[in-house]
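J.: Have a look at the structure that comes next, please.
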Amino acid sequence: MKKRQQYLSVTACLCLLISAITFQTALASQNRVALVIGNSRYAEAPLANPVNDAKAMSAQLTRLGFDVILRTNSNKRSMIEAIGEFGVKLEKQGGVGLFFYAGHGIQSKGQNYLIPVNAHLKRETELEFEAVNAARILKEMGYANNGLNIVILDACRNNPLTRSFRSAKRGLARIDDAPSGLLLAYSTAPGSVAADGNGRNSPYTTQLINAMGQTGWSLEKVFKQAAREVKRETRGEQIPWVSSSITGDFYFSGKGQSDLPAPIQVASADPDIASKDEREFWGEVKSDPSKEMYEAYLAEYPNGHYARIAHIKLKKYQLPAQASQPDINQQLKVCQTHLNANRLTSGRGGNALACYEQILSEHPGNNDALTGLKQIEDKYAVWAKSQINKRRYSKAKVYLKKIALINPDSEQLSQLEDLLKEKETLAQQSPQPLSRPSGGSRSITDSATGVKLVKIPQGCFQMGSNNGEGDEKPVHKVCITKPFYLGKYEVTQGQWQAIMGNNPSEFKKGNNHPVENVSWNDVQRFIKKLNTKTGKNYRLPTEAEWEYACRSGGKNQKYCGGDSIDSLGWHDEGWKNGHHAVGGKSPNGLGLYDMSGNVWEWVQDRYGENYYQSSPTNNPTGPSGGSFRGDRGGSWGSSASYARSAFRRLDAPSNSSSFLGFRLARSF
Numbered sequence: 001m002k003k004r005q006q007y008l009s010v011t012a013c014l015c016l017l018i019s020a021i022t023f024q025t026a027l028a029s030q031n032r033v034a035l036v037i038g039n040s041r042y043a044e045a046p047l048a049n050p051v052n053d054a055k056a057m058s059a060q061l062t063r064l065g066f067d068v069i070l071r072t073n074s075n076k077r078s079m080i081e082a083i084g085e086f087g088v089k090l091e092k093q094g095g096v097g098l099f100f101y102a103g104h105g106i107q108s109k110g111q112n113y114l115i116p117v118n119a120h121l122k123r124e125t126e127l128e129f130e131a132v133n134a135a136r137i138l139k140e141m142g143y144a145n146n147g148l149n150i151v152i153l154d155a156c157r158n159n160p161l162t163r164s165f166r167s168a169k170r171g172l173a174r175i176d177d178a179p180s181g182l183l184l185a186y187s188t189a190p191g192s193v194a195a196d197g198n199g200r201n202s203p204y205t206t207q208l209i210n211a212m213g214q215t216g217w218s219l220e221k222v223f224k225q226a227a228r229e230v231k232r233e234t235r236g237e238q239i240p241w242v243s244s245s246i247t248g249d250f251y252f253s254g255k256g257q258s259d260l261p262a263p264i265q266v267a268s269a270d271p272d273i274a275s276k277d278e279r280e281f282w283g284e285v286k287s288d289p290s291k292e293m294y295e296a297y298l299a300e301y302p303n304g305h306y307a308r309i310a311h312i313k314l315k316k317y318q319l320p321a322q323a324s325q326p327d328i329n330q331q332l333k334v335c336q337t338h339l340n341a342n343r344l345t346s347g348r349g350g351n352a353l354a355c356y357e358q359i360l361s362e363h364p365g366n367n368d369a370l371t372g373l374k375q376i377e378d379k380y381a382v383w384a385k386s387q388i389n390k391r392r393y394s395k396a397k398v399y400l401k402k403i404a405l406i407n408p409d410s411e412q413l414s415q416l417e418d419l420l421k422e423k424e425t426l427a428q429q430s431p432q433p434l435s436r437p438s439g440g441s442r443s444i445t446d447s448a449t450g451v452k453l454v455k456i457p458q459g460c461f462q463m464g465s466n467n468g469e470g471d472e473k474p475v476h477k478v479c480i481t482k483p484f485y486l487g488k489y490e491v492t493q494g495q496w497q498a499i500m501g502n503n504p505s506e507f508k509k510g511n512n513h514p515v516e517n518v519s520w521n522d523v524q525r526f527i528k529k530l531n532t533k534t535g536k537n538y539r540l541p542t543e544a545e546w547e548y549a550c551r552s553g554g555k556n557q558k559y560c561g562g563d564s565i566d567s568l569g570w571h572d573e574g575w576k577n578g579h580h581a582v583g584g585k586s587p588n589g590l591g592l593y594d595m596s597g598n599v600w601e602w603v604q605d606r607y608g609e610n611y612y613q614s615s616p617t618n619n620p621t622g623p624s625g626g627s628f629r630g631d632r633g634g635s636w637g638s639s640a641s642y643a644r645s646a647f648r649r650l651d652a653p654s655n656s657s658s659f660l661g662f663r664l665a666r667s668f
């Protein structure tokens, strides 16, 4: 747990509050169900207010008649289980569903992720495994098919390490494909950050709770009033943003008469008369005539009565770009100092990469900063080539990863990767004999499918790790009492195509690459067709069989085949590379390839966090009940720690991704 937490500060904190509300009718009198989550206890980027926000919101919703599920400082497993519990309740009770989250969040590639307190994030590709996609909430609500849904994501706290993820952006992503009948209320504009607050609660949550308690206020009025107060409180630094396609009414407290506020003004019916709301807003602008307040007014009333005046006032803030040139020159000198000292991507007191990227974030397209980034890339390229020629391949790979961090599309990177692959292939032409468990092993090929299988002998071993995650404990004795066959390689895209007639993989890189983007349910359909065609008894391995085989027949090995991951499995690859053809690394002691890394591999068992505490010794098959299935081995996009022999992961059986594949087992 601590190991995961120490990297959490890598996550960029997305700073906006989304409220998604699906309307069908006025639902004031129907059942009300709420899930409230607040995460504060992050190891390196703790937040003061989210737990306070969650408790305050929970208390208010309880007063307003909601059946509230409250979770604080939750890990991913706890969050997913709570979301599932919420979905079941909502489907059973119907009526109004509300989800509230306060804590860290991040947008990546257009998706919004909520960050559990135990997230272990070193690379952006790990978000899918370590964080909770906000879309999961909307899916649960969709399954419930209830009358009205509200989703509030107060994930608005700034995180200084946003730049660590190259495609991650400030704030949460705007939801452009939301269904009709939604109100989207952001605590700040999409792509911006908001405040955690100096009091017990964040500014937005404070104002939202206050507005919810007002008798007779419609939903729109609640959010509009909360937004107005936040703008006033933050003096325009935090500007809430609302998009709405509401078709019905809802009241948190009582039912007013015609309380729906006027819609946001695009143009007044009479150009000489401003609405009451617009006049009130302009009064606030006049009391605080700042650049931010003028921009806030124009964002809400782009063609409003006072728009021309606002544009005129803004012009005085639009100073010539050259006015900031001395500051840029000073920054560039600092960057050059880091570059000359070879503090390229790390170092106390800063580094060249961070320095140049800071300039580019403030002055996009600055030629001097772009040139600086190219110089960093060139240095790493020279060092990488030198290490390749000296046959120091592990060190060369470190430098190549640095180049990928700076410029994933670098032509130098592609050329050096080809050179490295060529040198490694030559070096591996005389492989050393592999150790085998007593009794040896042999492989066969299924003539009907071309699937290569390795015979795994029976045996006993110590399963789990007392030095790993909580669900890996305690270490316990397990015996596999019958031999079985296990795939020598992960199932390939070509093999899937031959059985299913399609290729669902996100990275369609060739018949010899592992099939991915397949759910546990998809795999069961594949196996059913395969068994019908061959008359054999193919299946997924149990979790115990998988770990026993991974450990080369139950040996005490950190990874699947030894204690050094780089020779055994693909990991920490960037999006440019994706997975690799099967069999590209060294096999383990049983002759199995890619058990560590390349793609995660589904197992047959249901997942049980505490299953090891009561697992039977002989041939365990997992708990008898549960909503999730297990997968093992890590992937091309995850860090080495996930490729450990004992590491366990859970996924919904309907989940699929470019990191998820499988390996076949077959009974005798």
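The opening position of the sequence shown corresponds to residue 1 in the working numbering, with each subsequent residue numbered one higher.
Each residue gets a CB set at the ideal place from its N, CA and C atoms; glycine is no exception.
Going by Cα to Cα distance, which pick from Ser253, Arg279, Leu344 and Thr425 is closest to His305?
T.: Minimum Cα distance to His305 is reached at Arg279.
J.: Considering only the alpha carbon of each residue, which of Tyr356, Lys488, Gly569 and Leu590 lies closest to Ser394?
T.: Minimum Cα distance to Ser394 is reached at Gly569.
J.: Any idea which residues DSSP pairs Met463 with across the strands?
T.: Met463 is bridged to His476.
J.: Work out the CA separation of Asn49 and Ala643 for me, nearest whole Å.
T.: Whole-angstrom Cα-Cα distance: 35 angstroms.
J.: Just the C-alpha distance for Glu124 and Ala498, rounded to the nearest angstrom, thanks.
T.: Using only the alpha carbons, I get a separation of about 33 angstroms.
J.: Less than 7 angstroms between the beta carbons of Phe628 and Tyr607, yes or no?
T.: Their beta carbons are under 7 angstroms apart, which means Phe628 touches Tyr607 by this criterion.
J.: Can you tell which of Phe668, Asp651, Leu650 and Ser638 has the C-alpha that lies nearest to the C-alpha of Leu127?
T.: It is Ser638 whose Cα lies nearest to the Cα of Leu127.
J.: Name the one or two DSSP bridge partners that Trp602 has.
T.: The partner list for Trp602 (beta bridge, DSSP) reads Asp631.
J.: Between the beta-carbon of Ile359 and the beta-carbon of Glu377, is there less than 7 angstroms?
T.: No, the Cβ-Cβ distance between Ile359 and Glu377 is not below 7 angstroms.
J.: Taking just the CA atoms, how far does Phe668 sit from Gly439?
T.: The pLDDT assigned to Gly439 is 39, lower than 50, so where the model puts this residue is not dependable; a value taken from the coordinates is nonetheless given after this. C-alpha separation (whole angstroms): 17 angstroms.
J.: Could you pull out every residue in the same chain whose Cβ sits closer than 7 angstroms to the Cβ of Ala396, ignoring the five residues on either side in sequence?
T.: Once the five neighbours on either side are set aside, the close Cβ partners of Ala396 are Ala384, Gln387, Ile388 and Leu420.
J.: What is the DSSP secondary structure of Leu161, reduced to helix, strand or coil?
T.: Reliability of the predicted coordinates at Leu161 is poor, the pLDDT of 36 falling under 50, and no value is obtained from them.
J.: Sorted by chain position, which residues of the same chain lie with C-beta nearer than 6 angstroms to Met141's C-beta, five sequence neighbours on each side aside?
T.: Same-chain partners within the cutoff: Gly97 and Asn149.
J.: Find out if the Cβ-Cβ distance for the pair Asn201, Ala56 is shorter than 7 angstroms.
T.: It is a contact, given that the beta carbons lie within the stated cut-off.
J.: Smallest Cα separation from Gly108: which of Asn118, Glu91 and Asn133?
T.: According to the sequence displayed, residue 108 carries Ser and not Gly. If we check each option's Cα against that of Ser108, Asn133 comes out closest.
J.: Only counting the same chain, and skipping five residues up and downstream in sequence, which positions put a Cβ closer than 7 angstroms to that of Lys558?
T.: Only Arg644 and Ser645 meet the Cβ criterion.
J.: Cα-Cα, which of Gly147, His104, Lys139 and Tyr204 is closest to Ala155?
T.: Of the listed residues, the one whose Cα sits closest to Ala155 is His104.
J.: In the region 536-612, which residue ranges form an unbroken beta strand (DSSP E) of at least 3 residues, counting only runs that do not cross its ends?
T.: As far as the region 536-612 is concerned, its whole beta strand (DSSP E) runs of at least 3 residues are 600-606.
J.: Based on Cα-Cα distance, which residue from Ala652, Ser410 and Ala131 lies nearest to His120?
T.: If we check each option's Cα against that of His120, Ala131 comes out closest.
J.: Please state whether DSSP places Gly38 in a helix, a strand or coil.
T.: Strand at Gly38.
J.: Would you call the region 644-663 and the region 618-635 touching, i.e. three or more CB-CB distances under 8 angstroms?
T.: Result yes; three or more Cβ-Cβ pairs closer than 8 angstroms.
J.: Using a Cβ-Cβ cut-off of 6 angstroms (strictly less than) and excluding sequence neighbours within five positions of Ala581, which residues of its own chain qualify?
T.: The answer, listed in chain order, is Asn512 and His513.
J.: Taking the C-alpha atoms as reference points, what is the distance between Glu237 and Val222?
T.: Whole-angstrom Cα-Cα distance: 21 angstroms.
J.: Compare the beta carbon distance of Gly248 and Thr215 with 7 angstroms and say whether it is the shorter of the two.
T.: No, they are not a contact pair.
J.: Check Lys3 in the structure and name its three-state DSSP category.
T.: Caution applies to Lys3, whose pLDDT of 35 falls short of 50 and renders its modelled position unreliable; the value that the coordinates give is listed next. Reduced to three states, the DSSP call for Lys3 is helix.
J.: Check whether the Cβ atoms of Leu592 and Val454 sit closer than 7 angstroms, and answer yes or no.
T.: Yes.
J.: Going by C-alpha distance, which of Arg136, Leu114, Arg32 and Arg228 is nearest Gly95?
T.: The residue with the shortest Cα to Cα distance from Gly95 is Arg32.
J.: Taking all protein chains shown into account, decide if Ser74 is buried (16 or more other Cβ within 10 angstroms of its Cβ) or exposed.
T.: The residue in question, Ser74, is buried, as its Cβ has 16 or more Cβ neighbours within 10 Å.
J.: When the Cα atoms are used, what is the spatial distance from Arg663 to Trp602?
T.: Their Cα atoms are separated by approximately 7 angstroms.
J.: For Tyr301, which of Trp241, Glu357 and Asn210 has the nearest alpha-carbon?
T.: Of Trp241, Glu357 and Asn210, the residue nearest in Cα terms is Trp241.
J.: In chain order, what residues of the same chain lie with their CB nearer than 8 angstroms to the CB of Asn503, ignoring the 5 residues before and after it?
T.: Same-chain partners within the cutoff: Gln493, Trp496, Gln497 and Val515.
J.: With H, G and I counted as helix, E and B as strand and the rest as coil, what does DSSP make of Ala102?
T.: Three-state result, Ala102: strand.
J.: Taking only the alpha-carbon atoms, compute the straight-line gap between Asn466 and Glu543 and give it to the nearest angstrom.
T.: Spanning the two alpha carbons is a distance of roughly 17 angstroms.
J.: In three-state terms, what does DSSP make of Asn636?
T.: The identity of residue 636 in the sequence shown is Trp, whereas the question assumes Asn. Coil, per DSSP.
J.: What are the boundary residues of the beta strand (DSSP E) that includes Arg71?
T.: Note, Arg71: beta strand (DSSP E), Asp67 to Thr72.
J.: The beta strand (DSSP E) that contains Asp651, what's its start and end?
T.: Element bounds for Asp651: Arg649 to Asp651.
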